[in-house]
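Per full-length UniProt numbering, the very first residue in the sequence shown carries number 1; after that it's consecutive.
Structure first, commentary second.
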Amino acid sequence: MSEWAPSQIVHKLPQRWRRPGQQGIATHESSARIDKRVVSRRPPRPSWARGRKRALKSFLKSAVLLAAPASLVAAGLSSAADAAIPTPPPELAPIPVSILVDIGSGQVLVQRRPDVPFLPASVTKVMTAFVAFEEIDAGRLSLDRRMPVRPETAKEWFAKGTSMYLTEKDNPTVRDLLHGVMTASSNDGAVVLAQGYAGSVPAWTAMMNAAARRIGMTGSHYSTPNGWMDDGHTYITASDMVKLADAMITRHPQLYREFSGIKHYFWRDVAMRSHDPTVGVVPGADGIKTGYTREAGYNFLGTAERGGRRLVMMLAASPKPKIRDDAAKALLEWGFSAWDARHLFDQGQPVGQADVQGGDARSVPLVANREVHATLPKGGHEKVTLAVHYKGPLVAPIRKGDQVGELEIKVEGLAPGHVPLYAGKDVGVAGPLDRLMNGLISFFS
């Protein structure tokens, strides 16, 4: 793959965010050895299985920021001699921050500055929608619940940026507000939703940050529900936004389908229009959110599903909307046309087993919450090796659906991908008889 000329750095990134080396490329390389092609119950012992501190050190080492000129890195590799790696589309060159990930394999197909924080603008609203989805599916919030519009909120946010033009006489439902937030990018709708459910904007942004931590977003912070300028207190990274998109789609598929990828929504007989550059243009595209302020530039968190493959991308700090839109369309098409998928596991199919300590079962099956495949260059026949990693032995009790490990997928010549693995069944705490039987089995095994 040929290296591209350096692009303009995210020049409006607040100086207090910049750390030495943070203007380079993040390349992801696994520190774990993979020496078995077949997934076994006892995989190689990487740092994932050696306790929390060593695992944390390993994951930090696997995301080293190199102090080098900005260039695009396909699949996390910078070798120009590997002709098998597809060259990214030229439309991507002017975009300062970008990433494209195949969710079914966890493999990064292309990235530039994936861990450098940037201003999200209205892409912030994706987290606002995600928090609402979490509360709805937990039964704590209803789509039909009406939210009052406070007089001070109407005064401050009426027609401020993109808007639903809410007044204190309005009493919109949560469904109305989510459509306003996701389709029309409503600033006032996001604030009304935040205040109506959490009581205040600070209480809501605390929920946003808690949700970010739950899903592993480590480089982002929220101080506003809508992305309005706040002196740099709200910032995100491209890698984190892939995690957010993945969580939104896999954890809340019905709500995602209802509120993402909608081109128009009518509120008080007025059509609210989406600015998504890919929906209805790129086959399979179904969201998620654009964003723009003068400080942030033009951003887009996008995704598409085609042929059983789900791609997620983040583009940030584009100088012009057309540059962003052209790059978004070209990148998704490249992700599907230049890469193939080799099927590995169906959704819910056991991938491996994890040992359990103190449980009424000695092991628990590990399953993925999606169809799993390896992503290879088009027409490629590279060797694929797999390994199950978990902090073991797991300690009972374990609930079905708890994330307990990950599947590492390594395609020869490419950086490894990682897919989360979940407990396939409940494992209770062992009773006296269970402990006796487990002890006897361990003694004779």
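Glycine included, every Cβ here is placed at the ideal spot set by N, Cα and C.
In this text the structure is predicted, and so the values were computed from the model without any measurement.
Backbone secondary structure at residue i - three-state DSSP
i      : result
Asp115 : coil
Val174 : helix
Met217 : coil
His179 : helix
Leu143 : coil
Lys410 : strand
Leu109 : strand
Ile323 : helix
Val356 : strand
Leu376 : strand
Leu166 : coil
Asp426 : coil
Cβ pair residue i, residue j closer than 8 Å
i      : j      : result
Arg175 : Leu141 : no
Ala430 : Gly358 : yes
Val351 : Val404 : no
Ser98  : Met314 : yes
Tyr427 : Asp360 : It is worth fixing the name first, because residue 427 is Val in this sequence and not Tyr. For Val427 and Asp360, yes; Cβs fall inside 8 Å.
Met208 : Asp240 : no
Leu331 : Leu92  : yes
Asp355 : Pro321 : no
Whole-number beta carbon distance between residue j and residue i, since they are thought to touch under 8 Å
i      : j      : result
Leu166 : Val192 : 6 Å
Met164 : Gly139 : About 26 Å; that fails the 8 Å criterion.
Thr153 : Ala184 : Rounded, the Cβ-Cβ distance is 17 Å, inconsistent with contact.
Status (buried if at least 16 other CB within 10 Å, exposed otherwise) for residue i
i      : result
Ser337 : exposed
Gly24  : Caution applies to Gly24, whose pLDDT of 30 falls short of 50 and renders its modelled position unreliable; the value that the coordinates give is listed next. So Gly24 ends up on the buried side.
Gly424 : buried
Gln254 : exposed
Gln347 : exposed
His373 : buried
Val226 : What sits at residue 226 in the sequence shown is Asn, not Val. By the 10 Å Cβ count, Asn226 comes out buried.
Val38  : Note that Val38 has pLDDT 29, beneath the 50 cutoff, so the model's placement of it is unreliable and no number is given.
Val126 : buried
Range covered by the alpha helix (DSSP H) that runs through residue i
i      : result
Leu244 : 238-251
Phe130 : 125-137
Pro151 : 151-157
Val191 : 187-198
Residue i, enclosing beta strand (DSSP E) - first and last residue
i      : result
Arg309 : 309-318
Ile288 : 285-293
Ala387 : 384-390
Glu298 : The sequence shown places Tyr at residue 298, rather than the Glu named in the question. Its beta strand (DSSP E) spans residues 297-306.
Leu344 : 339-345
Asp276 : Careful: Asp276 lies outside any beta strand (DSSP E) and carries neither H nor E.
Asp402 : First-last for Asp402: undefined, no H or E at that position.
Leu92  : That residue, Leu92, is in no beta strand (DSSP E); it is neither H nor E in DSSP.
Proximity test, residue i beta-carbon vs the ligand PLP heavy atom, cut-off 7 Å
i      : result
Phe266 : In the structure shown, the ligand PLP is absent, as is every other ligand, since no ligand is present at all.
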